[in-house]
Amino acid sequence: MVPEAWRSGLVSTGRVVGVLFLLGVLHKASAVIRYEILEEREKGFTVGNVVSDLGLDLRSLSAGKRPVVSQASRKFFEVNWETGEMFVNDRLDREELCGTLPSCTVILELIVERPLELFRAEVVILDINDNNPSFPTREMKLEISEAVTPGTRFPLESAHDPDVGSNSLQTYELSPNEYFALRVQTREDNTKYAELVLERALDWERESSIQLVLTALDGGTPARSSSLPILITVLDANDNAPTFNQSLYRARVPEDSPPGTRVVQVHATDLDEGPNGEIIYSFGSHNRAGVQELFALDLVTGVLTIKGQLDFEDTKLHEIYIQAKDKGANPEGAHCKVLVEVEDVNDNAPEITVTSVYSPLPEDAPLGTVIALLSVTDLDAGENGLVTCEVPAGLPFSLTSSLQNYFTLKTSAALDRETMAEYNLSITARDAGVPSLSALTTLRVQVSDINDNPPQSAQSSYDVYVEENNLPGVPILNLSVWDPDAPQNAHLSFFLLEQGVETGLVDRYFTINRDSGVVTSLVPLDYEDRREFQLTAHISDGGFPILTTNISVNIFVTDRNDNAPQILYPRPGRSSVEMLPRGTAAGHMVTRVVGWDADAGHNAWLSYSLLGAPNQSLFAVGLHTGQVSTARPVQDTDLPKQTLTVLITDNGEPSLSTTATLTVSVTEESPEARAEFPSGSDPREQNKNLTFYLLLALILVSVGFAVTVLGMIIFKVYKWKQSRDLYRGPVSSLYRTPGPSLHVDAVRGGLIPPHLYHQVYLTTDSRRSDPLLKKPNASSPLASRQNTLRSCDPVFYRQVLGAESAPPGQVRASQPSTALMLFDVCTMNEDYSLQEPLSANRVVKGRQIYPATSKKRRVTLAAPAEPRQNWRGEREIGVSSCCGRLGRVAFFGFRGSR
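If you use this note's numbering, the sequence shown corresponds to residues 301 to 1198, in order.
So this is what it looks like as structure tokens:
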């Protein structure tokens, strides 16, 4: 984009050249615009309209969104945000700002907030021809011997023009004369210097001095100039002049080299002898200003050393001219040039400038939210000027680079104000030099709260115990609830709700302070009326949206001894007369006083005592039963009517009591009473006998059950030993019935599981005979594989059963002492143990005969083998994969002969 803000005229009228580079950064984009302006413009001069050049709408820039000009350039330029124009605010002197640099640019940083956008404006200060060339001295004197041959060059003082470009020093002119001509030379930095060339031999006798004028001209319009008078004194001849061994010397030194560091040593020779051959070194006359402040030259040895402090950022290459003269009369000089290249060292630390900060930051800010913009500068060059920025690890922030040396601080993880409400970020800028230099700045980022935490409590439920008859209005519970959010969102409100379908409990019995959460009772509680209240404390915070928490509150009413015992029998208000025959023995129960207490626990424990009676020795009252019985036999002297007062007392503190009144009528002894209760008979004795019989019956039943269980265990052990002895018994006991063959069911015999069922036919006394392999029954699970062994190679069969054996169909029944068992291990789904071991010499208990496969199938021995001295040649038979459709088949057996 090229702005249309062209001024009349050329560069002198403040031509604006706008170049806009759109770069993706921040929320929208960052742009760079470029202006050019002549130096020494008056204050208030309009540079350009930054708002229109950036494509912004001036009307949409409210006070909160207006761009901010960075402090680094505020002193030179200002922006009128009413019109969008940027104008000069201070004097612009290009030579003061940038010195002799070929380009002078002032950088402005424009930041627009909400949304955060960064723009960059570069103002190029153009040079005008406002400085005259100047010589370091007012007059130059030369002494030239008459013996100097034509063509000899003499360096002249160099003029200095602070302007640059075409306005800088361009050429020199020499006043007309008959002896000398002027040669203008160009240095490596394109600056000019002049040399005086002798074109005609001098004659001291004819002319001992010559006056010349050297004029320096720049390239401005109009051109500016400066003149230097030159006085040349013609000397008498000195035959030989010094000569340098080389005309150009080169050296490299680091910029941090201390004073006294040797740079280079120049060397010149003179063929003359004596004083005419002694050489003195000195700096040439056309060295640039400041060379002698930075370097020192030994007059005798010609060693060039560092005198001042070099600065790579100021000057990268120093061009030094050295001359050598002898000590003779009318000395002639020789000249050489030394190029000293300054090497950059990492001597400038980065500088961090924070241009904008977005704080406080909501804790629910999405990932990638821009917090701040930072610009970092480093005056060093190359890798020493490459800068990286970083924030401490473990923080939810990251730095990304948008433009060169510009960084954006963003969020990289979720924020939580309750965990960390404020961050003091230490941002470190580090360059790539060796050793690396760094700068540190601290950025404060506050996190604002959102309502993301419900009220919290240390308990999910409260159990409160309140003694009945409590005072109304006294707090019974203080709910401990808090909210980790900020004060506004953490303002809590408390409410009480009923649990279940029952209503009206809160308004009738309890209330809660809505601000403090203190629960109080409205009325005295009565344990006998209601013992438990189940309530819910509903707590809500003050945020938006509102978050709530419910806490169960269980209020238990504890008993208080506030009820005196009540009499159930004899019923109060009714007359009750108990009959007691004379002659009744001691311990006879007359009646029972029954009391009841509405309280609970210890408060309801009742005790009975005889409070009053005409004869205290006749009756006794059970302390806990309330049973009224005779304490001695009833005598004839006892009154016929006895009025008893029984005191009933509870166990509360303080205890409460009541009394019951009984009337006992003493009558004459009747025959029916004696028949019902014969002498020496006691009901309590009858109860004791009944308890004895019950215990005896329980013991007998338990003993019978134990005997039954023990008998079952003995029976199982007997059956197991019987089955084991069957296989360990002698041959004659195993096979008693003679005959051509004996069929052994391997499944019921415990040899193989039913799903691996094969029929094995053995001849009588088959321990000394070969097995007769026959086709299995159709009901066998392996009927489809009946010809497995027959389909094997005869060679393999002989390898398994011996060289003298033959495959099925060719088996000779007369071969002794061979047994064979077949297992289809490819269809086995469980482990299998051989109850009968195969070898007495090599097989032990638990030995794995067939190794486990991927399905964990294996065949092992369950018991050690018995030694059989009359057997020989026992061995295991291996595993074969002879039949493809059957899979692997394991053959186990033994063979030998007696």
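Virtual Cβ for every residue (Gly too), placed ideally from N, Cα, C.
These figures come from a predicted structure and were not determined experimentally.
{"Asked": "Just checking my contact of residue 668 with residue 728 at CB under 8 Å: how many whole Å lie between their CB atoms?", "Found": "With 8 Å as the limit, residue 668 and residue 728 do not qualify as a contact, their Cβ atoms being about 22 Å apart."}
{"Asked": "Contact between the region 391-404 and the region 414-428: three or more CB pairs below 8 Å?", "Found": "yes"}
{"Asked": "By the DSSP assignment, the beta strand (DSSP E) with residue 808 in it spans what residues?", "Found": "Element bounds for residue 808: not the beta strand (DSSP E) but the alpha helix (DSSP H), 805-809."}
{"Asked": "Taking residue 713 as the reference, which of 814, 758, 665 has the closest Cα?", "Found": "665"}
{"Asked": "CA-CA distance, residue 1131 and residue 997?", "Found": "Low per-residue confidence applies at residue 1131: pLDDT is 46, beneath 50, and the placement is therefore not dependable, though the value from the model is reported in the following sentence. The alpha-carbon atoms of residue 1131 and residue 997 are separated by roughly 49 Å."}
{"Asked": "I think residue 915 touches residue 938, with their Cβ atoms under 8 Å apart; what is that distance to the nearest whole Å?", "Found": "6 Å"}
{"Asked": "Tell me which same chain residues have a C-beta within less than 6 Å of the C-beta of residue 1104, skipping the five on either side of it?", "Found": "Residue placement at residue 1104 cannot be trusted, given a pLDDT of 40 that sits under 50; what the coordinates show is reported in the next sentence. Nothing listed; no residue qualifies."}
{"Asked": "Assuming residue 841 and residue 790 are in contact, meaning their beta carbons sit under 8 Å apart, how far apart are those beta carbons, in whole angstroms?", "Found": "6 Å"}
{"Asked": "Would you kindly check if the distance between the Cβ of residue 956 and the Cβ of residue 912 is under 9 Å?", "Found": "no"}
{"Asked": "By the DSSP assignment, the beta strand (DSSP E) with residue 763 in it spans what residues?", "Found": "761-767"}
{"Asked": "Have a look at 557, 478, 469 and flag the residue whose alpha-carbon is nearest the alpha-carbon of residue 484.", "Found": "469"}
{"Asked": "I need the DSSP call for residue 827, collapsed to helix, strand or coil.", "Found": "coil"}
{"Asked": "Have a look at the DSSP bridge pairing and note the partners of residue 562.", "Found": "605"}
{"Asked": "Using only the alpha-carbon positions, how far apart do residue 772 and residue 830 sit?", "Found": "16 Å"}
{"Asked": "Just checking: is the beta-carbon of residue 412 within a distance shorter than 9 Å of some beta-carbon in chain D?", "Found": "Protein chains in the displayed structure number just one, and chain D is not present."}
{"Asked": "Straight-line CA distance for residue 1022 to residue 1007?", "Found": "22 Å"}
{"Asked": "Put residue 796 into one of helix, strand or coil per three-state DSSP.", "Found": "strand"}
{"Asked": "Counting only runs that start and end within the region 933-960, where is the beta strand (DSSP E) found for 3 or more residues in a row?", "Found": "941-950"}
{"Asked": "Exposed or buried, residue 386, counting other C-beta atoms within 10 Å across all chains shown (16 or more means buried)?", "Found": "buried"}
{"Asked": "Are the CB atoms of residue 953 and residue 863 within a distance shorter than 9 Å?", "Found": "no"}
{"Asked": "Whose C-alpha, out of 467, 522, 451, 502, is nearest the C-alpha of residue 495?", "Found": "451"}
{"Asked": "Of the choices 942, 958, 443, whose alpha-carbon is the least far from that of residue 964?", "Found": "942"}
{"Asked": "Checking 9 Å against the spacing of the C-beta atoms, do residue 762 and residue 853 come in under that value?", "Found": "yes"}
{"Asked": "Tell me the DSSP secondary structure of residue 495 in three-state form.", "Found": "strand"}
{"Asked": "Can you find the residues in the same chain that come closer than 7 Å, C-beta to C-beta, to residue 392, ignoring five residues on each side of it along the sequence?", "Found": "339, 340, 341, 376, 425"}
{"Asked": "Measure the beta-carbon distance from residue 508 to residue 533 and round it to whole angstroms, keeping in mind my assumption that it falls under 8 Å.", "Found": "7 Å"}
{"Asked": "Measuring only the C-alpha atoms, how far is residue 513 from residue 482?", "Found": "11 Å"}
{"Asked": "Consult DSSP for residue 443 and reduce its assignment to one of helix, strand or coil.", "Found": "strand"}
{"Asked": "Start and end of the alpha helix (DSSP H) containing residue 398?", "Found": "394-398"}
{"Asked": "Taking the continuous beta strand (DSSP E) assigned at residue 819, which residues delimit it?", "Found": "818-821"}
{"Asked": "Near residue 565, what residues of its chain come up, given a Cβ to Cβ distance below 8 Å and the 5 sequence neighbours on each side ignored?", "Found": "601, 602, 603, 604"}
{"Asked": "Do residue 254 and residue 959 have their C-beta atoms within less than 9 Å of each other?", "Found": "Since the first residue of the chain shown is 301 and the last is 1198, residue 254 is not available in this structure."}
{"Asked": "Given a cut-off of 9 Å, decide if residue 572 and residue 628 are closer than it, judged by their beta-carbon atoms.", "Found": "yes"}
{"Asked": "So, helix, strand or coil for residue 376, using DSSP?", "Found": "coil"}
{"Asked": "If residue 1202 and residue 436 are in contact, beta carbons under 8 Å, what's the gap, nearest whole angstrom?", "Found": "Here the chain has residues from 301 to 1198 only, and residue 1202 is not among them."}
{"Asked": "Tell me which residues share the same chain as residue 617 and place their Cβ nearer than 6 Å to its Cβ, disregarding the 5 neighbours each side in the sequence.", "Found": "641"}
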